[in-house]
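J.:
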Amino acid sequence: MRPSVVVHLPHASTTLPLDLSPPLSLTPLEIDAELLAMTDRYTDELFALPHALATTVRFPVSRLVVDPERFPDDELEVMAAHGMGVVYTRTSDGHPLRPIPTPAERAALLARFYEPHHRALTAAVAESLSARARCLVLDGHSFPSRPLPYELDQRDDRPDVCIGTDAFHTPSWLRELAAAAFERADFSVAIDRPFAGALVPAAYYAGEVRVAALMVEINRALYMDERTGERLASFTEFRQRLSDVLTHICEHFSSQPA
C-alpha cells in the first residue's frame, strides 16, 4: 500500500543537460562553483526513508536548469526580481547565468522539466490520499552555514535545522512535533528562518486539508565540507541521527486517525 508520506527533493541534482537552450554563460569552473553553492548536495541520502514509510519524488536535473520550487508565473514569484524565478538568469552572487530566455525557450524548459515533475509529485500525493486518506509532503533541503548574496535573510545566526511551514497545510501540532523531535536530538531549530514556506502541489494548495506540508532544511556545515562539497567523516553517523528524527515525524503523522 502507498505510504502516507511523500518526500520531495527538488534541489539534490547536479545534472546539467548538454542541450540546454539558452545555454549557461559560465565557464566550467564557474559552473562547478555555482553548483556547489546552489545544490542541496546529499539530501537524496539524508532524506532516504524506507519505501514502506515514504515515497520519494526527486527532481532529476539541477535547479540551474529550472527550479521546481518556484511559481511558473514570474509575477507571483518574489525571487524573479533577483533573476531567480523558475528559470534562473542570475547566479547566487548576482552575475549573469544565462541569456534571458525567449518565451519559446522558457515554455520549452517548463514543458521538458517543470511540468512532468509536478505531474509526478501530484500523482504521488493523489495515490497517498487514495490509499491513506491523508498525505504529508516532506520537502527536503539544505542551506549554507553563511548566507549567500541572493538570500533574503542575511542574518549569520543560522540554526542547525530550519522548519518551513504553510499557514493552511501545516497544522500547529505537526510544526510542534517536528521542532520537539529535532530539539530532543540536540539540533538547534528555527521556524521559517532562514527560509519559509512548505510546498504543496497546485492541485491541492489551500483547498485540501488532508494534505499536510513540512519543509525541513539542514545546515550543510553539519555534514559536508562547504568548500569542497565532500562528506564529513561523521556523515554516516549524522545521516542516522537525522533519519531517526525524520522517521519519528513520519511514523507519528502516519498513525494519526483519518
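In the working numbering, the protein residues as written are 740 to 997. Just so it is clear, CB atoms sit at the ideal spot from N, CA and C, and this is done for glycine as well.
1) Given R837, which residues of its chain have a CB within under 7 Å of its CB, disregarding the five upstream and five downstream residues?
2) If I measure Cβ to Cβ from H987 and keep anything under 7 Å in the same chain, skipping five residues before and after, which residues do I get?
3) Do S752 and P811 have their C-beta atoms within less than 7 Å of each other?
4) Should I957 go down as buried or exposed, given a rule of 16 or more other Cβ atoms within 10 Å for buried?
5) Could you have a look at L836 and say whether DSSP puts it in helix, strand or coil?
6) Once DSSP output is grouped into helix, strand and coil, what is the label at F882?
7) Could you tell me the alpha carbon to alpha carbon distance between L788 and V876, rounded to whole angstroms?
8) Given R885, which residues of its chain have a CB within under 6 Å of its CB, disregarding the five upstream and five downstream residues?
9) Helix, strand or coil for A952, going by three-state DSSP, please let me know.
10) Whole angstroms is fine: what's the gap from D983's alpha carbon to P840's?
11) Jot down the residue ranges of each uninterrupted beta strand (DSSP E) in the segment 804 to 851, minimum 3 residues, whole runs only, in chain order.
12) How many whole angstroms separate the CB atoms of R959 and F882, which I take to be in contact at a CB cut-off of 8 Å?
13) What residue from V796, V900, R897 has the CA that sits closest to P855's CA?
14) Distance, Cα to Cα, V805 vs H750?
15) Nearest-angstrom Cα distance between G824 and A951?
16) Keeping to the same chain, check which residues put their C-beta closer than 6 Å to that of H880; ignore five residues upstream and five downstream.
17) If we count the other Cβ atoms within 10 Å of its Cβ and call it buried at 16 or more, is H857 buried or exposed?
18) Ignoring anything shorter than 3 residues or poking outside the segment 919 to 985, list the beta strand (DSSP E) runs there in chain order.
T.: The answer reads as follows:
1) Within the sequence shown, residue 837 is the residue found at index 98, counting from 1. Cβ neighbours of R837 beyond the five flanking positions: P761, P762, L763, S764, T828.
2) By one-based count along the sequence shown, residue 987 stands at place 248. A920.
3) As a position in the sequence shown, residue 752 is number 13, starting the count at 1. As a position in the sequence shown, residue 811 is number 72, starting the count at 1. With respect to the 7 Å criterion, S752 and P811 are not classified as neighbours on the basis of their beta carbons.
4) Position 218 of the sequence shown, counting from 1, holds the residue named residue 957. Under this definition I957 is a buried residue.
5) For this step, residue 836 is matched to residue 97 along the sequence shown. DSSP places L836 in coil when its eight states are reduced to three.
6) Along the sequence shown, one-based indexing puts residue 882 at 143. If DSSP states are grouped into helix, strand and coil, F882 belongs with the strands.
7) Along the sequence shown, one-based indexing puts residue 788 at 49. Along the sequence shown, one-based indexing puts residue 876 at 137. The straight-line gap from Cα to Cα measures roughly 13 Å.
8) Locating residue 885 in the sequence shown gives position 146, counting from the first residue. Closer than 6 Å at the Cβ level, and outside the excluded window around R885, lies no residue.
9) As a working note, residue 952 is residue 213 in the sequence shown. Strand.
10) Your numbering for residue 983 matches position 244 in the sequence shown. Your numbering for residue 840 matches position 101 in the sequence shown. Taking the straight line from one Cα to the other gives about 43 Å.
11) Secondary structure remark: continuous beta strand (DSSP E) runs of at least 3 residues inside the segment 804 to 851: none found.
12) Within the sequence shown, residue 959 is the residue found at index 220, counting from 1. Within the sequence shown, residue 882 is the residue found at index 143, counting from 1. Right, their Cβ atoms sit about 7 Å apart.
13) Counting from one through the sequence shown, the residue named residue 855 turns up at place 116. Of all alpha-carbon atoms in V796, V900, R897, the one lying nearest the alpha-carbon of P855 is that of V796.
14) If you number the sequence shown from 1, residue 805 lands on position 66. If you number the sequence shown from 1, residue 750 lands on position 11. Taking the Cα positions, V805 is about 10 Å away from H750.
15) The count along the sequence shown starts at 1 and reaches residue 824 at position 85. The count along the sequence shown starts at 1 and reaches residue 951 at position 212. Rounded to the nearest angstrom, the two C-alpha atoms are 25 Å apart.
16) Here residue 880 corresponds to residue number 141 of the sequence shown, with the count starting at 1. Counting only Cβ-Cβ distances below 6 Å, and skipping sequence neighbours, we find D779, E956.
17) Against the sequence shown, residue 857 aligns to sequence position 118. Buried, by the Cβ-count rule.
18) As far as the segment 919 to 985 is concerned, its whole beta strand (DSSP E) runs of at least 3 residues are 928 to 930, 950 to 958.
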